[in-house]
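Data first, discussion second: the structure below is written as structure tokens.
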Amino acid sequence: MDGYNHALVASALSGAVRTNSSSPFGDTTMLQDILHYSPNKPVAAVAGIIYLVISAALFVRLFKTRDWWGLCLPIGAMASGIGFFVRILLVSNPNSIGIYIGMQILIVCSPAAFLAFNYIVYGRFILNCVGRQYSLIRPEIVAKLFVISDITTFLVQSGGGSLETSKNTNVQKTGSNIFLAGLIAQAASYVLFMVLLFHAHRKIVGSGEYSKNEIWWTAVYSVYFSSVFIVVGCIYRVIELAQGRGGYLLTHEIYFYLLDSVPLIIAISVYVPWWPGNYIKPKTSRPEYSMTSLTPEPQHLGGEAYSESRSTLQLKTV
Numbered sequence: 012m013d014g015y016n017h018a019l020v021a022s023a024l025s026g027a028v029r030t031n032s033s034s035p036f037g038d039t040t041m042l043q044d045i046l047h048y049s050p051n052k053p054v055a056a057v058a059g060i061i062y063l064v065i066s067a068a069l070f071v072r073l074f075k076t077r078d079w080w081g082l083c084l085p086i087g088a089m090a091s092g093i094g095f096f097v098r099i100l101l102v103s104n105p106n107s108i109g110i111y112i113g114m115q116i117l118i119v120c121s122p123a124a125f126l127a128f129n130y131i132v133y134g135r136f137i138l139n140c141v142g143r144q145y146s147l148i149r150p151e152i153v154a155k156l157f158v159i160s161d162i163t164t165f166l167v168q169s170g171g172g173s174l175e176t177s178k179n180t181n182v183q184k185t186g187s188n189i190f191l192a193g194l195i196a197q198a199a200s201y202v203l204f205m206v207l208l209f210h211a212h213r214k215i216v217g218s219g220e221y222s223k224n225e226i227w228w229t230a231v232y233s234v235y236f237s238s239v240f241i242v243v244g245c246i247y248r249v250i251e252l253a254q255g256r257g258g259y260l261l262t263h264e265i266y267f268y269l270l271d272s273v274p275l276i277i278a279i280s281v282y283v284p285w286w287p288g289n290y291i292k293p294k295t296s297r298p299e300y301s302m303t304s305l306t307p308e309p310q311h312l313g314g315e316a317y318s319e320s321r322s323t324l325q326l327k328t329v
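Residue numbers (my numbering): 12 to 329.
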């Protein structure tokens, strides 16, 4: 998701440059030239309010549990909410390149924080609850690895976006292909993360060491739930960009909300009732056995005293 977010920013910049180079804008505004529609103000306001409410709820969760490692999620939600209000401002200033780029950065880049949060939850779950042996990749580097992947694909997409500003049609086409390739690579990166999560899940279940009642399963299933809607957005963005600048998805606002904004809202709202910090705790039901030597009081049998040392098996639950 964060890869296509960066991709859209590159697209926004290249589109803005091309439009601005032919200023004045003639019969159409910059916004109409890029989006082919005027954003719906009431819908943008509703989306902005929902994001800000979710952000506030996540901040409450964060401060109650003092899970500072999850700070990226409420901040990302807040940035998205502000971005939708900037989208409203853009309707009144349809030729403002600065406002347009600001909107894209806030709405399109901020979901990168949502993915980073899922990466962090995975790493903490493995380290705190089950152990490194269940992860294909060292859990300490999972978040760093995927963030580096995001940055790499962003650079690829930015390079493609810069080529799209060329006046040469062939160069523009090459740029579009590079741009799309970077986007697909980013989507594949998140799918790889889901494979990593699923592998750990299967290995944990197959080990037989943990019960289905472990409290941390809630956090695992929450990441699964969130990831499904993130992938929906990834697929939408790939298809949207593959259709080109005049494609059906790009030029119809309803799909931006139904296949991008709404899935993202659902993807992060799951963490309001099920904040991972409340569930990523050490194992609670795995038994541990130990042998303890006990020496009872001397006993008398047939007038002779003797002492008996016996070993008793004790069960400790940790």
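Where a beta carbon is used, it is the ideal one built from N, C-alpha and C, also for glycine.
Host alpha helix (DSSP H) of residue i (start-end)
| i | result |
| --- | --- |
| residue 225 | Taken as a continuous stretch (DSSP letters only), residue 225 belongs to no alpha helix (DSSP H), as it is neither H nor E. |
| residue 272 | No alpha helix (DSSP H) holds residue 272; DSSP gives it neither H nor E. |
| residue 71 | 52-76 |
| residue 83 | 83-103 |
| residue 184 | 180-218 |
| residue 131 | 123-136 |
| residue 145 | Element bounds for residue 145: n/a, residue is neither H nor E. |
| residue 112 | 108-115 |
| residue 45 | 41-46 |
| residue 291 | Residue 291 -> no alpha helix (DSSP H), and no H or E assigned at all. |
| residue 266 | 264-267 |
Spatial neighbours of residue i in its chain, beta-carbon cut-off 8 Å, leaving aside the 5 residues before and after
| i | result |
| --- | --- |
| residue 33 | At residue 33 the pLDDT is 44, less than 50, meaning the model places this residue with poor confidence; the figure from the coordinates comes in the next sentence. Excluding residues within five positions, none has a Cβ falling inside 8 Å. |
| residue 249 | 15, 191, 194, 195, 198 |
| residue 35 | Only weak support is given to the placement of residue 35: the predicted model assigns it a pLDDT of 44, under 50, and the question is left unresolved by the model. |
| residue 276 | 58, 61, 62, 65 |
| residue 253 | 191 |
| residue 218 | 145 |
| residue 200 | 14, 157, 160, 161, 164 |
Whether residue i touches residue j by CB criterion (8 Å)
| i | j | result |
| --- | --- | --- |
| residue 127 | residue 88 | no |
| residue 150 | residue 162 | no |
| residue 251 | residue 258 | yes |
| residue 291 | residue 227 | yes |
| residue 9 | residue 159 | Within the shown structure, residues of the chain are numbered from 12 to 329, placing residue 9 beyond reach of any answer. |
| residue 104 | residue 234 | no |
| residue 215 | residue 132 | no |
| residue 164 | residue 174 | no |
| residue 125 | residue 84 | yes |
| residue 148 | residue 207 | yes |
| residue 224 | residue 76 | no |
Option nearest residue i by Cα separation, candidates the options
| i | options | result |
| --- | --- | --- |
| residue 237 | 204, 250, 249 | 204 |
| residue 331 | 100, 122, 163 | Not covered by the structure: residue 331. The range shown for the chain is 12 to 329. |
| residue 209 | 220, 146, 180, 264 | 146 |
| residue 107 | 254, 40, 188, 245 | 40 |
| residue 287 | 267, 80, 271 | 80 |
| residue 278 | 263, 246, 242 | 242 |
| residue 100 | 42, 189, 84, 166 | 42 |
| residue 139 | 231, 60, 119 | 231 |
| residue 239 | 216, 213, 224, 271 | 271 |
| residue 244 | 262, 274, 218 | 274 |
| residue 55 | 85, 65, 102 | 102 |
| residue 202 | 214, 82, 219, 157 | 157 |
| residue 255 | 134, 212, 187, 44 | 187 |
| residue 134 | 211, 46, 200 | 211 |
| residue 213 | 46, 144, 91 | 144 |
| residue 268 | 78, 44, 91, 183 | 91 |
Close Cβ partners of residue i (< 7 Å) along its chain, the five nearest in sequence each way excluded
| i | result |
| --- | --- |
| residue 97 | 110, 113, 114, 117 |
| residue 246 | none |
| residue 48 | 262, 264 |
| residue 94 | 114, 117, 118, 121 |
| residue 86 | 124 |
| residue 182 | 174 |
Own chain residues within Cβ distance below 6 Å of residue i, not counting five before or after
| i | result |
| --- | --- |
| residue 266 | 260 |
| residue 50 | 98, 102 |
| residue 167 | 193 |
| residue 53 | none |
| residue 78 | 288 |
Any C-beta of chain B under 8 Å from that of residue i
| i | result |
| --- | --- |
| residue 258 | As a matter of chain content, chain B is missing from the structure shown, which is built from one protein chain. |
beta-carbon residue i near the ligand FAD non-hydrogen atom, thresh 7 Å
| i | result |
| --- | --- |
| residue 174 | As presented, the structure is devoid of all ligands, the ligand FAD included, so that no description of it is given. |
Pairs of beta-carbons, one from the stretch 281-292 and one from the stretch 67-77, closer than 8 Å: are there three or more? Yes, the stretch 281-292 is in contact with the stretch 67-77.
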